[in-house]
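Number of protein chains: 2
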Amino acid sequence: MSIEHEQQDKTTEVNLERLPSDIERIHGLAERLLPFHAEISSDLPLEDEQAKADIVELMSVLHELHPADVATVLESLPQKERMLVWHLAAPEEDGEVLLEVSDAVRETLIETMDKEELLAAVEDLDADELAELADDLPNQVVYEALKTRDEEERAQVQAAMSYEDSQVGALMDFELVSIRADVTCEVVLRYLRRFDSLPDHTDKIFVVDDNEILQGVLPIRKLLVADPDELVENVMATEVVRFRPEDDAEEAAQAFERYDLVTAPVVDETQKLIGRITIDEMVDVIREETEADMLNMAGLQEEEDLFAPVLDSVKNRWMWLAINLCTAFLASRVIGAFEGSIAKIVALAALMPIVAGIGGNSGNQTITMIVRAMAMGQLSGGQAGRLLKKEVGVALVNGVLWGSVMGMVSWLLYDSPGIGLVMVAAMTLNLLLAATVGVLIPITMEKAGRDPALGSSVLITAVTDSGGFLIFLGLATIFLL
Amino acid sequence: MSIEHEQQDKTTEVNLERLPSDIERIHGLAERLLPFHAEISSDLPLEDEQAKADIVELMSVLHELHPADVATVLESLPQKERMLVWHLAAPEEDGEVLLEVSDAVRETLIETMDKEELLAAVEDLDADELAELADDLPNQVVYEALKTRDEEERAQVQAAMSYEDSQVGALMDFELVSIRADVTCEVVLRYLRRFDSLPDHTDKIFVVDDNEILQGVLPIRKLLVADPDELVENVMATEVVRFRPEDDAEEAAQAFERYDLVTAPVVDETQKLIGRITIDEMVDVIREETEADMLNMAGLQEEEDLFAPVLDSVKNRWMWLAINLCTAFLASRVIGAFEGSIAKIVALAALMPIVAGIGGNSGNQTITMIVRAMAMGQLSGGQAGRLLKKEVGVALVNGVLWGSVMGMVSWLLYDSPGIGLVMVAAMTLNLLLAATVGVLIPITMEKAGRDPALGSSVLITAVTDSGGFLIFLGLATIFLL
């Protein structure tokens, strides 16, 4: 993988795999410059010749990087080094970099910038990009940045800011090319030539009437092969996937995936064209959606700055730890209720985590498969019964299979066929419990209008832990004492 | 969200949100037609008037759907209904649908088709699409399908088949437009007009010399605004992200994400242009990559057909259940070693799962954050020490905080300050263990060249379970007996 990088007439080849080594180099330089942190951040002159050379080298490496790569470098640096590098980064790219970093890191970067720096950074951003940053900027900066824009752009920023992050409206941009249906392709080509440049990702031109009502789209692919004298209305596609600003961004991303879109128009309730969304925003939505599920399942509330101060990390993680402690305490009380049985047969204490563990593992398998199918729109309510039947079947097979293995081991270990039989029965029953609850939790959550991914892993583990202890110790109390 | 669907002159609007209700409708029809399964699949005439009407309705709904939507419908149907619907689907779209469904479902569909049906389905596919299906098709079908292609296409199919699924070479396509650098934009536009249609996602034209060596790319966006008399070499970009067929598909997808690409050229070691990759394939890679991590963490080996036969599901899940049983058995033996202590203080049995549980939860938080940072290229080897220091800090705060809470509760519950103190100490130590191992496991795996996501969750839980029991029961044995 490689990028060719044009500099004047020379064409130097930059290897994409060089990024990790560039990061290492920046890390080394930043660490060596750390003692001069105070001077650098106040732009004071440096005495040290080596440090001066280091700064020149660091700046030249940084200036060669794409804003997305600068963002990666900043994410990977501890906070002090991050501030130092941020201070030396190309200021004209500051706005782009702020758009690329995660929310957590963006906050730390914005904190170090004064009003003038922030205004300079957002100066060249499009309306939709300014809207994206606005939540994290001081109000005064947003106010002054808006003052320099014309009325149309101000309205666009305010429109984009009025939608939730999870809605199409917050992700749309306003740079688009629109034409009328009753002109020829030749006229369109001449019209396009008057632009200095076309918006990114332009794969289609939007066809509207005099009231800006969307009539169709003219794919560039069709425009280029069309007869120049043909009218747009005879070439354009009227089969257009279109979105409303209040549509859910994840559903829009799925439509992009499904229909292989690059851009799509956004219209209001009267079908008036108000913006467009592009595949690069949708790719971010897909990445964030699947990552959010993964982070939630692991008990992190949100993406965390790798080098966040300890207390910030504690704050990000405390809630799930607290929930986990509550469910663990519940399981502990179930065991407490059987202390009499354990006192008589201590082996029960050693075997009970096996029963609880396999239930949790198996339940998580079921729930993950169902959550995934729901996210892809493959599961409708009517199938719950059939799914349950299948999962119960799987649980029965696994219960008898692994239950027998563990039953034999326990029998041999404790020289008691009774313990072996209780083990088989408890493992099978807990697997059946896991299968049932694993199907019912996500389906119930979906029906209640909640995200089925959120917390379902914690919930099922709570059920299979407490349930597993109850089933195993209960059976043992009845049959072995 | 809505699609406009053109039929002759009429423009009917199809709402994207209608897909779920279409699925419901197909489910209902398929269920009603199930008794006639035998007749339908052998194309025998039906007596039943209602069934005939149902078939007509089912076919008309199916024919209106995009192949990607037909794929979703098939994924969501139990196996018998799926076969029935598949038999009635538009045969000219069969190939497209096979490309869209998951591997597991694709197998079930191909099994029901005879050689002629399969040959008809793959007839209209491009070389790269045929290569994608080839692994799942009977050898005889691949052989005959290749016979009908010309030599160039045969070579393309064989080239694409020679790469691993995880390599760029397996995902590239061969439909591309290339031009020379020494012609004018006007000539390019005239040349393009000779095509019936341009390949999907054409956002740039590849510029090559007489030996097909890649010189640069001409973005359509630039071509459209360029002076027609300008030479291509003065307009083209030479800063081109390019890939080799043996490059890793996940890294390519990250480059697409990072640099907002729509298409990119694939070149061999001499820089000769051999194909291109497109954003739609990369979106699938991103989706699959994050989903694979999620499925692996939950203990599923691969994407599973929702309605797979019970034994197929058992096969897909057995390995992780077996690993889980082994680690649970290990933890059980740790407890077994302290049976003497538990016999004397039964409360230990009830409290020990709390210590193990919080360690597992906290360790999974750490490991997920690090695995994510590694996947995004934000973590280089040199930072392990600093990360460890931070995670240990977080563990100390959490240990003292939640340990004290649980210590107090245990003290009150069992009226023993000793148990409370052991609880505080054990929880803190297990959290420190979780933090240390949570940092070291993914970093060690990465250094060893393994996927840090795979199995790391199981591994850390094994350590915090056995470790937690050992620490808690060990401390209790030393200080309380």
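Protein chains in written order, with full-length UniProt numbering: chain U, 1 to 481; chain A, 1 to 481.
All residues carry an ideal CB built from backbone N, CA and C; glycine is no exception.
One or two residues paired with residue i in a DSSP bridge
i, result
"PRO417 (chain U)", "In DSSP, PRO417 (chain U) forms no bridge with anything."
"LEU146 (chain A)", "Looking at the DSSP assignment, LEU146 (chain A) forms no beta bridge with any residue, so it has no partner."
"ASP260 (chain A)", "Answer is none; ASP260 (chain A) lacks a bridge partner."
"LEU311 (chain A)", "In the DSSP output, where bridge partners are listed per residue, LEU311 (chain A) has none listed."
"GLY275 (chain A)", "A:VAL266"
"ILE213 (chain U)", "U:LYS272"
Integer Cβ distance of residue i from residue j, believed to fall under 8 Å
i, j, result
"ILE179 (chain U)", "THR270 (chain U)", "ILE179 (chain U) to THR270 (chain U), Cβ: 19 Å. No contact."
"GLN215 (chain A)", "GLU75 (chain U)", "Incorrect: roughly 35 Å between the Cβ atoms, too far for contact."
"ALA462 (chain U)", "LEU330 (chain U)", "7 Å"
"PHE195 (chain A)", "VAL225 (chain U)", "5 Å"
"ALA30 (chain U)", "LEU84 (chain U)", "6 Å"
"VAL141 (chain A)", "LEU109 (chain A)", "Their Cβ separation, rounded to whole angstroms, is 14 Å, which puts VAL141 (chain A) and LEU109 (chain A) out of contact at 8 Å."
"SER197 (chain A)", "ARG450 (chain U)", "That pair is no contact at about 45 Å."
"MET376 (chain U)", "PRO452 (chain U)", "Not really, about 12 Å apart at Cβ, beyond 8 Å."
"LEU33 (chain U)", "ALA51 (chain U)", "6 Å"
"GLY382 (chain A)", "GLU24 (chain U)", "7 Å"
"LEU223 (chain U)", "VAL188 (chain U)", "6 Å"
Cβ-Cβ distance between residue i and residue j below 8 Å
i, j, result
"ALA356 (chain U)", "ASP465 (chain U)", "yes"
"LYS80 (chain U)", "HIS37 (chain U)", "yes"
"GLU175 (chain U)", "PRO199 (chain U)", "yes"
"GLU281 (chain U)", "LEU171 (chain U)", "yes"
"LEU387 (chain A)", "VAL439 (chain A)", "yes"
"LEU98 (chain U)", "LEU62 (chain U)", "no"
"VAL371 (chain A)", "HIS201 (chain U)", "no"
"ARG244 (chain U)", "VAL207 (chain U)", "no"
"GLU246 (chain A)", "ASP182 (chain A)", "no"
"SER341 (chain U)", "LEU459 (chain U)", "no"
"MET59 (chain A)", "LEU88 (chain A)", "yes"
"SER362 (chain U)", "ALA426 (chain U)", "no"
"ARG258 (chain A)", "PRO265 (chain A)", "no"
"GLY407 (chain A)", "LEU421 (chain A)", "yes"
"ILE441 (chain A)", "ALA384 (chain A)", "no"
"SER332 (chain U)", "ILE354 (chain A)", "yes"
"ILE286 (chain A)", "ARG287 (chain U)", "yes"
"LEU65 (chain A)", "ASP22 (chain A)", "yes"
"SER166 (chain A)", "ASP248 (chain A)", "yes"
"ALA90 (chain A)", "VAL122 (chain A)", "no"
"THR290 (chain U)", "ASP229 (chain U)", "no"
"ALA343 (chain A)", "ALA476 (chain U)", "no"
"LEU306 (chain A)", "MET423 (chain A)", "no"
Where are the alpha helix (DSSP H) runs, 4 residues long or more, that stay fully inside the stretch 98 to 141 of chain U, in chain order? 103 to 111, 115 to 122, 127 to 134, all fully within the stretch 98 to 141 of chain U.
Counting beta carbon pairs with one atom in the stretch 287 to 294 of chain A and one in the stretch 104 to 111 of chain U, are three or more of them shorter than 8 Å? The stretch 287 to 294 of chain A and the stretch 104 to 111 of chain U do not touch, with fewer than three beta-carbon pairs separated by less than 8 Å.
Write down every uninterrupted run of the alpha helix (DSSP H) in the stretch 404 to 474 of chain U whose length is 4 residues or greater and which is fully enclosed by it, in chain order. Complete alpha helix (DSSP H) runs here, min 4: 417 to 447.
Could you check whether the stretch 417 to 435 of chain A touches the stretch 466 to 479 of chain A, counting it as contact only if at least three pairs of C-beta atoms, one from each stretch, sit closer than 8 Å? With the cut-off at 8 Å, the stretch 417 to 435 of chain A and the stretch 466 to 479 of chain A touch.
Select from the stretch 320 to 335 of chain A all residues with a C-beta closer than 7 Å to any C-beta belonging to chain D, and list them in chain order. The structure shown contains no chain D; its protein chains are U and A.
Please specify which runs of the alpha helix (DSSP H), each continuous and at least 4 residues long, are wholly inside the stretch 217 to 253 of chain U, giving them in chain order. Within the stretch 217 to 253 of chain U, the complete alpha helix (DSSP H) runs of at least 4 residues are 220 to 225, 232 to 235.
Unbroken stretches of the beta strand (DSSP E), 3 residues or longer, contained in the stretch 141 to 210 of chain A: Within the stretch 141 to 210 of chain A, the complete beta strand (DSSP E) runs of at least 3 residues are 204 to 208.
Taking 8 Å as the cut-off, does the stretch 353 to 369 of chain U touch the stretch 384 to 402 of chain U (at least 3 CB pairs, one atom from each stretch)? Contact between the stretch 384 to 402 of chain U and the stretch 353 to 369 of chain U is present, because at least three Cβ pairs lie under 8 Å.
Closer than 8 Å is the cut-off here; do at least three beta carbon pairs connect the stretch 414 to 423 of chain A with the stretch 338 to 354 of chain A? With the cut-off at 8 Å, the stretch 414 to 423 of chain A and the stretch 338 to 354 of chain A touch.
Whether or not the stretch 299 to 312 of chain A and the stretch 57 to 72 of chain A are in contact is what I'm after, with contact meaning three or more pairs of Cβ atoms, one per stretch, closer than 8 Å; do they touch? Between the stretch 57 to 72 of chain A and the stretch 299 to 312 of chain A, the count of Cβ pairs shorter than 8 Å is below three; the stretches do not touch.
Would you call the stretch 310 to 322 of chain A in contact with the stretch 305 to 312 of chain U, where contact means no fewer than 3 C-beta pairs closer than 8 Å? Using a Cβ-Cβ distance cut-off of 8 Å, the stretch 310 to 322 of chain A and the stretch 305 to 312 of chain U are not in contact, since fewer than three pairs of beta carbons, one from each stretch, lie closer than that value.
How do the stretch 151 to 162 of chain U and the stretch 117 to 131 of chain U stand: do at least 3 beta-carbon pairs fall below 8 Å, yes or no? Segments in contact, yes.
In the stretch 25 to 80 of chain U, which residue ranges form an unbroken beta strand (DSSP E) of at least 3 residues, counting only runs that do not cross its ends? Whole beta strand (DSSP E) segments, 3+ residues: zero.
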